[in-house]
Every structure is written in structure tokens, then in C-alpha cells.
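Reading through the C-alpha cells given below for one structure.
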Amino acid sequence: MKFGICTSINNISALEKMGFDYIETGVAGVASMSEDDFKAAVQLVNRSKIKCEACNGLFPPQIKLVGSGYSEGIMVDYLKKAFHRIVQLGAQTVVLGSGSSRMIPIDIGDGRNQLLNVFRVVGDIASEFGLIIAIEPLNKAETNIINSVKEGLDFVTELSHPNVYLLADFYHMRVENESMKVIMEAGLTIKHLHIANSNGRIYPRSVDEDDYKEFFKALSVIGYNARLSIEGGTENMMADGPVALSVLKTLYNMYT
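Residue numbering for the sequence shown follows our numbering, starting at 373 and increasing by one per position.
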């Protein structure tokens, strides 16, 4: 399994020094960079032994995916620019969380079907760039659709798109009190993972502080060995990062 952190691309050398395998940064931030800033980001990645293999934060809040604010033309133009940039940073997997963008307005009766159609378009554009989309279930405080891995699995199964898969986020699963056993039901439909201590959404600090063991046990059952990114807060990345990495490697090795 590969381990990374969700953070600014400017921290790539720090992650390399700490022993992480890749960095995960935000698509919207990369898409909004000036040409000079983007060239500088490419140079940072090219100088590093690790790459930006995964990206999150696909859509900025102003791009709506459902309802009257949705424009397929605007979305497609944005995606093509964004994907063109992130593949230059080494991206392979793109997380589609974007809770504000996918929020279903209360006056929309067929929001689920609209979102399915949008995901299909996103998958089609991703295929042009050789990218995999990982749909991220988010807890109910962040959005009002796809709030569990089970719901995400239903979406991905119904969509049946070769470039659209599922993400399991330990933090969101814990907030929603979702059983880790759903991971075994989803199997390798899961193509990416996020994790944080569910008490405070911070970097993991010890093996036993949360329900990590059940998470890793379920992952071992399905034979998952792709990427796992820490997505949480820290006041000192250089201090907390190595501790978290050690915790995650210990947990992974318990069940392999």
C-alpha cells in the first residue's frame, strides 16, 4: 500500500523527506493557478522522487452539478483544463467529493438522476486523460447525497462506468457510524482511501485511538493495496506526519 497526505503541492519535498509515497493536492487550486505558478508547481514535482498521484477538491463551490446552476459546457471546459494540468503533476486518481457542488437543491425532484448523468460526463472526460474518478461519500454535515460508502457503491454500480469508482474515507464512515464491513461488500470497487482520527479530524497518532483495526482488517479481506491518504488537520506536519505514517504502516502490516 502507498501512503500520502492531502496538502499543498508546495509541501511535496517535506512529504518526500518524511518517507511518504506520494502527495494528494487539490484540483481546483491547481486549475486556478496562473501559468507561472503552475510551471513552478510542475518544476517542484519534477525535482521530487514522489509525484502528485492523487488529487481531491475536484470542483470549486461555484461550479454546480445539479439544478438550475448546472452548465455542462462550463463543467467540461473546466475539467479539460484541470485534467490537462494535473496529469502533468503525475495524477492518476481524482477524488470527487465536492460537497457544495453536488448538493441537491430542495426543489429538485430528480437530483439523483441528474448527478448520475454528471458523473457519467466526468468519467468520459477522465477517460480522455487516462484518469480514474473516485466518488467520495461525505457525512451529512457536508452534503445531502452520497453520505455513506453503501450509497456510493449503489451509485457506482448503477453508473457502471469504466473510469468511475469509489473512495472509502475512514473519518466520514465513523461520523456516519457506518460499519467497516461495507468495505468487504464494495470490494475493489474502492480505488482510493482517506483517513483521519475521527476525534478532531486530525492525523492518526496511535494504533488504538480509533477503530482503525477494523478498517484495515476489512481492507485486507478485499486485497486492497493501492493508496491511502491522510486527510486531516495538523499544527505541525513535520512532527505529526512521521508518527501518522508509522501508525498506518503498523496497521497495514498487522493484516498482511
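Don't be surprised by glycine CBs; every beta carbon is placed ideally from N, CA and C.
| Query | Result |
| --- | --- |
| Report buried or exposed for GLY469, applying the criterion of at least 16 other Cβ atoms within 10 angstroms of its Cβ. | buried |
| Pair every Cβ in the stretch 529 to 537 with every Cβ in the stretch 566 to 580, then say whether three or more of these pairs are closer than 8 Å. | no |
| Among ASP496, TYR584, GLY471, which residue has its Cα nearest to the Cα of VAL619? | TYR584 |
| What does THR465 pair with, by DSSP beta-bridge criteria? | ALA426, ILE504 |
| Taking the beta strand (DSSP E) that PHE455 belongs to, which residues open and close that run? | Run containing PHE455: none in the beta strand (DSSP E); it sits in the alpha helix (DSSP H), 444 to 458. |
| Taking just the CA atoms, how far does VAL466 sit from PHE427? | Position check: residue 427 holds Cys in this sequence, whereas Phe was assumed. Each residue's Cα considered, the two are about 5 Å apart. |
| Would a C-beta distance cut-off of 8 Å place LEU617 and MET390 closer than the cut-off? | yes |
| Residue range of the alpha helix (DSSP H) that ASP409 falls in? | 407 to 419 |
| Going by DSSP in three states, ASP482 sits in which element: helix, strand or coil? | coil |
| Pop quiz: LEU487 and VAL438 are said to be a contact at Cβ under 8 Å. What is the actual Cβ separation, rounded to whole angstroms? | 6 Å |
| Could you check whether the stretch 591 to 606 touches the stretch 375 to 384, counting it as contact only if at least three pairs of C-beta atoms, one from each stretch, sit closer than 8 Å? | yes |
| Does DSSP put ALA611 in a helix, a strand or coil? | helix |
| Which residues in the same chain have their Cβ closer than 8 Å to the Cβ of PHE501, if we skip the five residues on either side of it in sequence? | PHE455, HIS456, VAL459 |
| According to DSSP, is LYS585 helix, strand or coil? | helix |
| Do you know whose CA, among SER578, GLY429, LYS589, lies nearest THR628's CA? | LYS589 |
| Going by CA-CA distance only, name the one from GLY483, GLU508, MET626 that's closest to HIS544. | GLU508 |
| I'd like to confirm the pairing. Which residues does DSSP put opposite LEU539 in its beta bridges? | HIS564 |
| Buried or exposed: GLU607, going by 16 or more other Cβ atoms within 10 Å of its Cβ? | exposed |
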